[in-house]
Amino acid sequence: MFEIFGIPSQALFGQLLIGLINGSFYALLSLGLAVIFGMLNIINFSHGAQYMMGAFAAYLILQYAGLGYWPALIIAPILVGITGIIIERAFLQWLYKLDHLYGLLLTFGLALILEGVARNYFGSAGLPYTVPESLQGGRNLGFMFLPNYRAWVIAASLTVCIGTWFVIERTRLGAYLRAATENPTLVRAFGINVPRMITLTYGFGVALAAFAGVMAAPIYNVSPQMGSELIIVVFAVVVIGGMGSILGAIVTGFGLGVVEGLTKVFFPEASNTVIFVIMAIVLLVRPAGLFGRRG
Amino acid sequence: MRKTLGLAVLAAVLACGAANAQQINVKIGVLSDMSSLYADIGGPGSVAAAKLAIADFTKDHPNVKVDLISGDHQNKPDIGSQIANQWFDVDKVDMIIDVPNSGVALAVSQIANNKNKVFIVSGAAASDLTGPKCNANTVHWTYDTWMLANGTGNAMVKTGGDTWFFLTADYAFGHALERDTAAAVEKAGGKVLGKVRHPLNTNDFSSFLLQAQSSKAKVVGLANAGGDTINSIKQAAEFGIVKGGQKMAGLLVFASDVNALGLNTAQGLTLTETWYWDANDTNRAWTKRWHEAGAAASKFPTMIHAGVYAGILHYLKARLEMGGDPDGKAVVAKMKATPTDDPLFGKGTIDAAGRKRHDAFLFEVKKPAESKHPGDFYNLKATIPAKDAFRDPKDSGCPLVNS
Numbered sequence: 037m038f039e040i041f042g043i044p045s046q047a048l049f050g051q052l053l054i055g056l057i058n059g060s061f062y063a064l065l066s067l068g069l070a071v072i073f074g075m076l077n078i079i080n081f082s083h084g085a086q087y088m089m090g091a092f093a094a095y096l097i098l099q100y101a102g103l104g105y106w107p108a109l110i111i112a113p114i115l116v117g118i119t120g121i122i123i124e125r126a127f128l129q130w131l132y133k134l135d136h137l138y139g140l141l142l143t144f145g146l147a148l149i150l151e152g153v154a155r156n157y158f159g160s161a162g163l164p165y166t167v168p169e170s171l172q173g174g175r176n177l178g179f180m181f182l183p184n185y186r187a188w189v190i191a192a193s194l195t196v197c198i199g200t201w202f203v204i205e206r207t208r209l210g211a212y213l214r215a216a217t218e219n220p221t222l223v224r225a226f227g228i229n230v231p232r233m234i235t236l237t238y239g240f241g242v243a244l245a246a247f248a249g250v251m252a253a254p255i256y257n258v259s260p261q262m263g264s265e266l267i268i269v270v271f272a273v274v275v276i277g278g279m280g281s282i283l284g285a286i287v288t289g290f291g292l293g294v295v296e297g298l299t300k301v302f303f304p305e306a307s308n309t310v311i312f313v314i315m316a317i318v319l320l321v322r323p324a325g326l327f328g329r330r331g
Numbered sequence: 116m117r118k119t120l121g122l123a124v125l126a127a128v129l130a131c132g133a134a135n136a137q138q139i140n141v142k143i144g145v146l147s148d149m150s151s152l153y154a155d156i157g158g159p160g161s162v163a164a165a166k167l168a169i170a171d172f173t174k175d176h177p178n179v180k181v182d183l184i185s186g187d188h189q190n191k192p193d194i195g196s197q198i199a200n201q202w203f204d205v206d207k208v209d210m211i212i213d214v215p216n217s218g219v220a221l222a223v224s225q226i227a228n229n230k231n232k233v234f235i236v237s238g239a240a241a242s243d244l245t246g247p248k249c250n251a252n253t254v255h256w257t258y259d260t261w262m263l264a265n266g267t268g269n270a271m272v273k274t275g276g277d278t279w280f281f282l283t284a285d286y287a288f289g290h291a292l293e294r295d296t297a298a299a300v301e302k303a304g305g306k307v308l309g310k311v312r313h314p315l316n317t318n319d320f321s322s323f324l325l326q327a328q329s330s331k332a333k334v335v336g337l338a339n340a341g342g343d344t345i346n347s348i349k350q351a352a353e354f355g356i357v358k359g360g361q362k363m364a365g366l367l368v369f370a371s372d373v374n375a376l377g378l379n380t381a382q383g384l385t386l387t388e389t390w391y392w393d394a395n396d397t398n399r400a401w402t403k404r405w406h407e408a409g410a411a412a413s414k415f416p417t418m419i420h421a422g423v424y425a426g427i428l429h430y431l432k433a434r435l436e437m438g439g440d441p442d443g444k445a446v447v448a449k450m451k452a453t454p455t456d457d458p459l460f461g462k463g464t465i466d467a468a469g470r471k472r473h474d475a476f477l478f479e480v481k482k483p484a485e486s487k488h489p490g491d492f493y494n495l496k497a498t499i500p501a502k503d504a505f506r507d508p509k510d511s512g513c514p515l516v517n518s
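As you go down the protein sequences, you meet chains A and B in turn. Just so we're aligned, residue 37 is where the first sequence starts under the numbering used here, counting upward by one. Just so we're aligned, residue 116 is where the second sequence starts under the numbering used here, counting upward by one.
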């Protein structure tokens, strides 16, 4: 066994894998943000709260409907996605013509309200949620113990990310969407219902956040502030990747997970600042982000 | 007309003043984390506990009038200091209580000392508050890192857990808890193999847990609190730390944390507390009143809430006996001179360093099958008597002790 900077290589491989797993949460969340920003031009600050709603919905579905993890993985994103659609119809649709700042303020306010309501009803300590039975335990990879649930997280997240990228970049529906952002009037002239498409896109972005929330429930503390702790990092990921770039969000999500994982080995105290250091450097060198186009 | 009215009011005020010559006015501020990770161990529950204490005391002593205000320090020492300064200077607050988060508590303790007011710590843990950073205006009520370290640390070493690896929250509290536990472990013949310091409010502990796993230490000591502890324990279960033969020692685990983990995940965990809501009928009755005073029905009071209640009672007792409007140092001296006696902690004392001394209890979290009703969390393993539960003031390094 060889060593790298005094760390045994085995431990290092383990940390790389762990970083990739954490990166899958960043990727899932930043993907939703990128889709919403790319298609709606809205900076969705309530994304963290919607991720939290996903986890809480999973808990409530278990508590009141008796349905476990797998049904929740489908039902919770749909329910939270519907609330997203209501939010878009009631508030966001009036803001597209205004400055970005208005959308940001509105969604930030919504996030505070959602968190406050959750804290009022459930307290801040959190709610219990366990790993589904079929994914308990783990396997020894030789260089680390990989819990089955984490393996599932990485697989599911990759599938969803690549699927979303494919739909938006490679299918006809995606082409309509992209065209509608470029020139909505022209696309409408072809007989496509642009407002409905935009509404559904926001609903989908929100559902992605809720999906990540359900994925997180068994391993992270399900508490009202779980989203606000994560969302700042996720915003940094989106900025580094390039605002609105879907591929950028996915690649930087996984990449920064790895960078953060390595920081936790070499200099753990800096592990929650390293992403912002990278963000500052990227903004200095490439202001549009790694995958962004200069607009 | 206005003049007569004014005179009448003045006369009325003077008359009242004369009639209540013994009137004692007290203003208490509950400074806590109202909205973030420590809001369930202190927060609104502490305000409810303070209301109970005031109601109980003023019922027997109607000549004591107590005003209560509360504030949110957001876990930031600068915000906490700003509120404390404003309360003492502008709002004429006599005493601040609670303050979970040792970083904020150390700052507030300094301010109370400079302005010669009173500070009763219930929420914060750092034993430095009655150690090198002690002062004549601060009383540390409920628990501290030395007590947690010696309670849980000793118990683990005695049952064979003699090599330790720490996951430490990277701020004043975590450092103090790690230092005190390491000292307790080494004193009992154990050894510390390593440690890793993580930022406050970390989401993912898997990297740190892997490091703990590869250290081969028998015990993984969690020198953190709240959401950090919950995440560590939840993920340790996932990574098979306990199944692999290592033990988890939650050095600071509250009833609210056990509630958040669920007994399924938390079972078997050893922890030390000074008060447990389900320990006896007095505590259960108090909990019922605590819920009625505005605390959410789904929550269970922690030892911090009990400490806020008991601390206020003892403070008011001192104020009543002294009368008038004495300065902070005099009140704290009086509090130290008077033995404490309250329904929740029983009889106790406050030592020269400002450390409140009472019994501590070593608990083990029940298995789901053993739990009879919601909140039925613990089995009592041992009672640590007050004299052993807390640090001997002579060893505290507190300048007040030798003078």
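Positions of the beta carbon are idealized from the N, C-alpha and C atoms, including for glycine.
(message) I want to verify the contact list: residues of chain B whose CB lies under 8 Å from the CB of A/M180, in sequence order.
(response) L325
(request) May I ask which residues mark the beginning and end of the alpha helix (DSSP H) holding B/D503? (result) A501 to A504
(request) Give a yes or no on whether the minimum CB-CB distance between B/F603 and chain A is below 9 Å. (result) With chain B covering only 116 through 518, there is no way to say anything about residue 603 of chain B.
(request) Report the neighbours of A/E218 on chain B: residues whose CB is nearer than 8 Å to its CB, in chain order. (result) Near A/E218 there are no residues of chain B at all, since even the closest Cβ is about 37 Å away, more than 8 Å.
(request) In angstroms with no decimal places, state the Cα-to-Cα distance between B/I184 and B/A299. (result) 39 Å
(message) Let me confirm a value: A/N80 is counted as buried when at least 16 other C-beta atoms fall within 10 Å, else exposed. Which label applies?
(response) buried
(request) Determine the chain A residues that contact B/S413 at a beta-carbon separation under 9 Å, and present them in chain order. (result) Y157, F158 and G159
(message) For chain A, check one thing: does any of its Cβ atoms lie closer than 9 Å to the Cβ of B/F281?
(response) no
(message) Does the region 362–369 of chain B come into contact with the region 454–464 of chain B, if we say contact requires no fewer than three beta-carbon pairs (one atom in each stretch) closer than 8 Å?
(response) no
(request) Given a cut-off of 9 Å, decide if B/D213 and B/G238 are closer than it, judged by their beta-carbon atoms. (result) yes
(message) Suppose contacts are defined by Cβ-Cβ distances below 9 Å. Is B/H255 in contact with B/L244 by that definition?
(response) yes
(request) May I ask you to list the residues that DSSP assigns as paired with B/Y493? (result) B/V480
(message) Can you give me the C-alpha to C-alpha distance between B/Y424 and B/A164, rounded to a whole angstrom?
(response) 5 Å
(request) Put B/K403 into one of helix, strand or coil per three-state DSSP. (result) helix
(request) Mind the definition here: the region 116–135 of chain A touches the region 232–247 of chain A only if three or more C-beta pairs lie below 8 Å; say whether that holds. (result) yes
(request) Might you give, ordered along the chain, the residues of its own chain that have their beta carbon closer than 6 Å to the beta carbon of B/T402, omitting 5 neighbours on each side? (result) W392 and P416
(message) If you follow the beta strand (DSSP E) that B/E388 is in, where does it begin and where does it stop?
(response) T385 to E388
(request) Return the residue from the list B/P514, B/G276 and B/N231 that minimises the CA-CA distance to B/A467. (result) B/P514
(message) With DSSP as the reference, identify every bridge partner of B/D457, one or two as the case may be.
(response) B/G461
(message) Contact between the region 98–110 of chain A and the region 212–227 of chain A is defined here as three or more beta-carbon pairs at a separation below 8 Å; is this criterion met?
(response) no
(request) Could you tell me whether any non-hydrogen atom of the ligand FAD is closer than 8 Å to the CB of B/L428? (result) The ligand FAD is absent from the structure shown, which contains no ligands of any kind.
(request) Assuming B/D171 and B/L428 form a contact by the criterion Cβ under 8 Å, report the distance between their Cβ atoms to the nearest whole angstrom. (result) 7 Å
(request) May I ask you to list, following chain order, the residues of the region 257–281 of chain A that have a beta carbon less than 7 Å from some beta carbon of chain B? (result) N257, S259, Q261, E265 and L266
(request) Tell me, to the nearest whole angstrom, how far the beta carbon of A/A248 is from that of A/G90; I am working on the premise that it is less than 8 Å. (result) 7 Å
(request) Report all residues from its chain with a CB closer than 8 Å to the CB of B/L167; omit the five preceding and five following residues, and keep chain order. (result) W401, R404, W405, A408 and Y424
(request) Answer yes or no: does any C-beta atom of chain A fall closer than 9 Å to that of B/I499? (result) no
(request) For A/V313, count neighbouring C-beta atoms within 10 Å of its own C-beta (all shown protein chains included) and say buried if the count is 16 or more, exposed if not. (result) exposed
(request) Could you work out which residues of chain B lie near A/N80, taking near to mean beta carbons separated by less than 8 Å? (result) What A/N80 touches in chain B: nothing, since even the nearest Cβ is about 20 Å away.
(request) Please state whether DSSP places A/W130 in a helix, a strand or coil. (result) helix
(request) Would you please verify whether the beta carbon of B/H406 is less than 9 Å from any beta carbon of chain A? (result) no
(message) Using only the alpha-carbon positions, how far apart do B/Y493 and B/K481 sit?
(response) 5 Å
(request) Identify which residue in B/D442, B/Q361, B/K414 and B/N228 has its Cα closest to the Cα of B/D372. (result) B/K414
(request) Kindly identify the DSSP beta-bridge partner or partners of A/N176. (result) A/F181
(request) May I have the straight-line CA-CA distance separating B/L386 from A/G297, to the nearest angstrom? (result) 30 Å
(message) Using the Cβ count rule (16 or more neighbours within 10 Å means buried), how would you classify B/P454?
(response) exposed
(request) Could you tell me which chain A residues have their CB closer than 9 Å to the CB of B/T257, listed as they occur along the chain? (result) Those do not exist, as B/T257 stays about 17 Å from chain A at its closest Cβ, beyond 9 Å.
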